[in-house]
Amino acid sequence: MEAELIPLCHIIRLEIRQGQCAFNKDYAIANISEWAIMPKSEDALAYALWKVGPIPVSINAAPKSFQLYSKGIYDDEASCDNSKVNHAMLLLGYTKDYWILKNWWGGWGEDGYMRLARGKNLCGISNYAGYVTV
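Going left to right, the sequence shown walks through residues 1 to 134 as the UniProt record's numbering numbers them.
Rendered as structure tokens:
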């Protein structure tokens, strides 16, 4: 794949009068060498994590048990509907039993991290994930 440049207006969402984002190579802020939208598969997530490193994922963070998570492997399948996602987290690693995720809620969970049970698309972890390589 040939490297692509990202127009600045796509990044900061400038309001453009003509409705078009005019590309100017001089204002590009990154070169994309590869990108992917992940299939809805935990195996695909594990492979991409191994191949490119941390991956942003969408998660259902609505359940009270999720919001009050403080330690251990989160495995509340009854409360965490995997068809609804509403929050972004960073997938950092995994074991055979759980995913390791970084959250943006300060000291929430295990000092800002969470262990989420693997193997059941818990909280929709594999529904919407993707990455870019710059």
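All residues carry an ideal CB built from backbone N, CA and C; glycine is no exception.
Remember, predicted model here, so these are calculated numbers, not experimental data.
Assuming residue i and residue j are in contact, meaning their beta carbons sit under 8 angstroms apart, how far apart are those beta carbons, in whole angstroms?
i	j	result
Val134	Asn31	6 angstroms
residue 135	Gly124	In the structure as shown, the chain starts at 1 and stops at 134, and residue 135 therefore has no counterpart that could be examined.
Met114	Leu122	Going by Cβ atoms, the distance from Met114 to Leu122 rounds to 11 angstroms, so no, they are not a contact pair.
Leu45	Leu91	7 angstroms
Ala62	Asn86	6 angstroms
Thinking just about the alpha-carbon of each residue, which of the options is nearest to the one in residue i?
i	options	result
Met89	Asn82, Ile55 and Leu122	Ile55
Arg118	Val85, Leu49, Glu42 and Asp26	Glu42
Gly112	Lys71, His87 and Asp81	Lys71
Tyr94	Trp50, Lys25, Ala28 and Ser33	Trp50
Gln67	Val132, Trp104, Tyr27 and Asp26	Trp104
Val52	Ser58, Glu34 and Ile29	Glu34
DSSP three-state label for residue i, please.
i	result
Ser65	helix
Glu42	helix
Trp104	coil
Gly124	helix
Val132	strand
Gly93	strand
Glu34	strand
Val57	strand
Ala117	strand
Ala78	coil
*Between the segment 77-86 and the segment 99-110, do three or more beta carbon pairs fall short of 8 angstroms?*
no
*Assess, as a yes-or-no matter, whether the segment 115-134 is touched by the segment 33-40 under the definition of 3 or more beta carbon pairs within less than 8 angstroms.*
yes
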